[in-house]
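Let me begin by presenting the structure, written as structure tokens, before commenting on it.
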Amino acid sequence: MDKNKGDILWRIYLVYFLTVGFGILILFKVIYIQFFEGEEWKERARNSTIRYASIDAIRGDILADDGRLLATSVPVYEIRMDLHRNVVSDELFSAGIDSLAYRLSRLFRDRSQAEYKRQLMQARHNQERYFLVKRNVSYHELTELLKFPIFRNGRFRGGLIVNPRARREMPFKSLAARTIGYEREGVFVGLEGAYREHLEGIQGKRLEQRISGGQWMPLSDVNEIRSQNGKDIITTINIHMQDIVEYELRNQLERYSAEHGTAVVMEVNTGKIKAISNLTRNAHGRYDETYNYAVGESTEPGSTFKLATIIALLEDGIVTPDDFIQTGDGVTTFHGRSMRDAREGGFGTITVKEAFALSSNVAFATLVEENYKRNPQRFLNRINALGIHQPLGMEISGEGMPYIPKVGDSNWSGLTLPWMSIGYNVSMTPLQTLALYNAVANSGRMMKPMLVDEVRQTGRTIQRFQPEVLNRSIASGYTLRIVREMLEEAVESGTASGIKSSLYPIAGKTGTAQVAIDGTYRSAGRAAYRASFVGYFPADDPVYSMIVAVHNPKGWIYTGSQVAAPVFKRIADKIYATRHFNVSDDWVTSPVIASLPAVRAGARNDVETIYSAFDCKLLFDDEMPWVVSSVRNSDTVVVSGREIIPNLVPNVVGMGLKDAMYVLENSGLRVRFAGRGVVRSQSLRPGTRISAGNVIFIQLS
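If you use the numbering used here, the sequence shown closes out at 741, no skipped numbers anywhere.
Below you can see the structure in the form of structure tokens.
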């Protein structure tokens, strides 16, 4: 028994020591290779002639709310040639070189026939296996090139090597460019960065062989692991509204030579951003989308902050709209520092409602100073209860931080409260300000601004984003009713009376904030201003909220009422004219106009001829050849352009059969139709990419 026990122990010890010994040997070998043979093995890896290389996946599309492309990856091709004699025979090369050089010169028009021939002959002499012919070749050019002499024999007899690439393009160029985003040196911004994981897809793999010159050439496709294309992002952006917003903002910036500006249109009930434009003047005096001011620029808002102040005063029961306040001659002093109203001589004795409409600095600062100076935290609590002291949590990076001062901060002083009441000593981004006004329009619910509706893969929705409520009620029903009346009064008879409309009510507030230059509000005798207007429309049943901000307009005109409010009005007018709002009875009065189709699309000349025959005035908002008439006045028809973009499915809804057939067939689509009248629906979504042989079905009624 003892002997057997001893044998077992001996065997266990033997196995143990052998295992430990092998482990030590392995560890020694690893250390030896790592520190003594590492360079040799690295050199062998560098000299290896076979490797697996990554194949980039096609990045997903970013689309507008109607499916039209905002950003897409356009296929381009790198053309190379294997000129080794084992691939392209001497007989084939000699017979085709002149014709190939001629065809390449005619197709690309970048070099002469002689230059192409010289380069190809030199590459042939050097037996180059991966000679670069041309980069960034389009699909159309590739289809032509495949027919060329030598190349038409394919890869293994003609030496043609086609490397697909993808180039990111924005079909609508600058529209919302900074919000859509881009990639630069590996850094992604905007939606391109926020939804990078969805858009990128999964890379593939392929075997490549090192050839002379250290270049890598793809081997057979048999060993290739295909990439998986990225998913598509459906945004909330509306192309028509975006076009209007950028056009009007750009015109105003150019008119006043402003440094930069931003304008945002948001859907009241959902917080969906329908249009967002950010324009900066470059060194050449032109305006580009280079920075997202709406999201990122946190500045002192000025008088638009008076909405937060009046909400606090009303919620605390300090004032009613009909209370009187003495503003005197428009100048008052707080702790040795003067504050003035914009009107020379002041407003005298006015009601609180009038003080808001006329934007009296003296009135608001006096009310806040007198009622909160003994307990400033009470005022701050009311402001913070609105939720404007926190960022909105936008999906795109770079949101500017709001700033609301705290009692006891090093920069808190006796001047903080009165100046805070009129929008100084605080800072907010334009979107944060818009969210507050949108909440007033939305019965007190503050919505998180959203830019993306859903994620799709091969046309199928795989993720849908729902509107998010940030604050279920920013104030009582009583306060909300009062401030909505005040915002309407500001447009009806206050600082924004210049944008009053007879067609629909507008509510909003002007803001004119002096901007600090090098830490002071006046530097070398000059001052800079930020003009803004924020509000919503139609005021009686709000659908859209909007903010317009113009930074440092040049000259003597710089106020929110003169610079920003007119932009708001022009944008609102065009949106109101082309969206389906309920139209009041006095808006449609002419029996002739009333008898005409409410929405009619077609060729511009045809539409003009038809309406002119009925003595209707036509108001065209652009010069496009295809249009849609959508709004009717007593004797006026507003006509908007309908853009036809090459290689994208056009929108033919509202057109007659003749026009629809013409547009669709000229876009390369095969058309099937049913019914008679005008097009009511189409099977292919407008703005999607057209593929060869696509058939579209249109229903008329």
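No residue lacks a Cβ here, since even glycine has one placed at the ideal position from N, Cα and C.
Per DSSP, the bridge partner or partners of Thr40: The chain is shown from 41 up to 741; residue 40 falls before or after that span and cannot be answered.
Chain-order list of residues whose beta-carbon lies under 7 Å from that of Tyr477 (same chain, five-residue window excluded): So the qualifying residues of the chain are Leu347, Val574, Gly575, Tyr576, Ser585.
Tell whether a beta-carbon distance below 7 Å holds between Met281 and Ile615. Against a cut-off of 7 Å, the Cβ pair of Ile615 and Met281 comes out as a contact.
Contact belief for Val590 with Leu293 at Cβ below 8 Å, rounded distance in angstroms: Leu293 and Val590 do touch by the CB rule: their CB atoms are close to 7 Å apart, below 8 Å.
Kindly provide the ranges of any alpha helix (DSSP H) runs that are 4 or more residues long and lie completely inside the region 171 to 246, ordered along the chain. The region 171 to 246 contains these whole alpha helix (DSSP H) runs: 179 to 185, 195 to 198, 217 to 220, 230 to 234, 236 to 240.
So the alpha helix (DSSP H) Lys346 belongs to, where does it begin and stop? 346 to 355 is the extent of the alpha helix (DSSP H) around Lys346.
Between the alpha carbons of Leu520 and Gln430, how many angstroms are there, rounded? Annotation: Leu520 to Gln430 spans about 21 Å, alpha carbon to alpha carbon.
Spatially closest choice to Thr330 from Gly198, Ser317, Ser267, by CA coordinates: Comparing Cα positions, the closest option is Ser317.
DSSP beta-bridge partners for Lys312? According to DSSP, Lys312 bridges with Met490.
Under three-state DSSP, which class holds Arg290? It is helical.
I'd like the span of the beta strand (DSSP E) that includes Arg158, first residue to last. No beta strand (DSSP E) contains Arg158, which is instead part of the alpha helix (DSSP H) from 153 to 165.
What are the uninterrupted segments assigned as alpha helix (DSSP H) that are 4 or more residues long and contained completely in the region 408 to 464, given in chain order? You should have 416 to 425, 456 to 461.
Can you give me the C-alpha to C-alpha distance between Phe404 and Ala481, rounded to a whole angstrom? Each residue's Cα considered, the two are about 22 Å apart.
Do the region 206 to 219 and the region 93 to 113 touch if we need at least three Cβ pairs shorter than 8 Å? Short answer: they touch.
Could you check the C-alpha separation between Ile428 and Lys446 for me, to the nearest Å? Taking the straight line from one Cα to the other gives about 14 Å.
Going by beta-carbon coordinates alone, are Val402 and Thr360 separated by less than 7 Å? Not closer than 7 Å, so no.
Would Val381 be called buried (16 or more neighbouring beta carbons within 10 Å of its own) or exposed? Reading off the sequence shown, one finds Asp at residue 381, where the question assumed Val. Label assigned to Asp381: buried.
Give a yes or no on whether the C-beta atoms belonging to Val308 and Pro582 are separated by under 7 Å. Taking 7 Å as the cut-off, the beta carbon of Val308 is found closer than this to the beta carbon of Pro582.
Give every residue of the same chain whose Cβ lies closer than 6 Å to the Cβ of Asn278, excluding the five residues on either side of it in the sequence, and list them in chain order. Same-chain partners within the cutoff: Asp105, Lys314.
Going by other Cβ atoms of all chains shown within 10 Å of its Cβ, with 16 needed for buried, is Val703 buried or exposed? By the 10 Å Cβ count, Val703 comes out buried.
Within a Cβ cutoff of 8 Å, which residues of the same chain sit near Thr389, ignoring the five residues on either side of it in sequence? Beyond the five residues adjoining it in sequence on each side, Thr389 comes within less than 8 Å, by CB distance, of Phe364, Ile365, Gln366, Thr367 in the same chain, given in chain order.
Given that a residue counts as buried once 16 or more other Cβ atoms are within 10 Å of its Cβ, and exposed if not, what is Asn322? By the Cβ neighbour-count rule, Asn322 is exposed, with fewer than 16 other Cβ atoms within 10 Å of its own.
Tell me the rounded alpha-carbon separation between Ile102 and Val466. When only Cα atoms are considered, Ile102 and Val466 end up about 36 Å apart.
Run of the beta strand (DSSP E) containing Ser378, from where it starts to where it stops: First-last of the beta strand (DSSP E) with Ser378: 377 to 380.
Report the option in Arg205, Gly230, Asn691, Gly454 whose CA atom is closest to the CA atom of Arg782. The chain is shown only over 41 to 741; residue 782 falls outside these bounds and no answer can be derived.
What did DSSP end up calling Asn622 once you bin it into helix, strand or coil? In this predicted model, Asn622 has a pLDDT of only 39, less than 50, meaning its place in the structure is not dependable; the value taken from the coordinates is given anyway. DSSP places Asn622 outside both helix and strand once states are collapsed to three, so it counts as coil.
Comparing alpha-carbon positions, which option in Arg205, Val304, Leu160 lies nearest Ala475? Measuring from the Cα of Ala475, the nearest candidate turns out to be Val304.
Counting only the same chain and skipping the five closest in sequence on each side, list residues whose C-beta sits under 6 Å from that of Lys245. The residues are Tyr92, Ile265.
Compute the distance between the beta-carbons of Glu494 and Ile284, then report whether it is under 7 Å. Against a cut-off of 7 Å, the Cβ pair of Ile284 and Glu494 comes out as no contact.
Based on the DSSP output, what are the partners of Asn318 in its beta bridges? Asn318 is bridged to Thr302.
Nearest to Gln554 by CA position, among Ala234, Ile462, Arg120, is which residue? Here the closest residue by C-alpha is Ile462.
For Glu118, the first and last residue of its enclosing beta strand (DSSP E): Taken as a continuous stretch (DSSP letters only), the beta strand (DSSP E) holding Glu118 covers 109 to 121.
Could you pull out every residue in the same chain whose Cβ sits closer than 7 Å to the Cβ of Arg290, ignoring the five residues on either side in sequence? Counting only Cβ-Cβ distances below 7 Å, and skipping sequence neighbours, we find Leu319, Tyr327.
In the DSSP assignment, what residue or residues form a beta bridge with Asp105? Bridge partners of Asp105: none, in fact.
Cutting at 6 Å between CB atoms, please list the residues of its own chain near Thr310, excluding the five before and the five after it. Result list for Thr310: Pro507, in chain order.
Leu172 to Leu147, Cα distance in whole Å? Roughly 16 Å between the two C-alpha positions.
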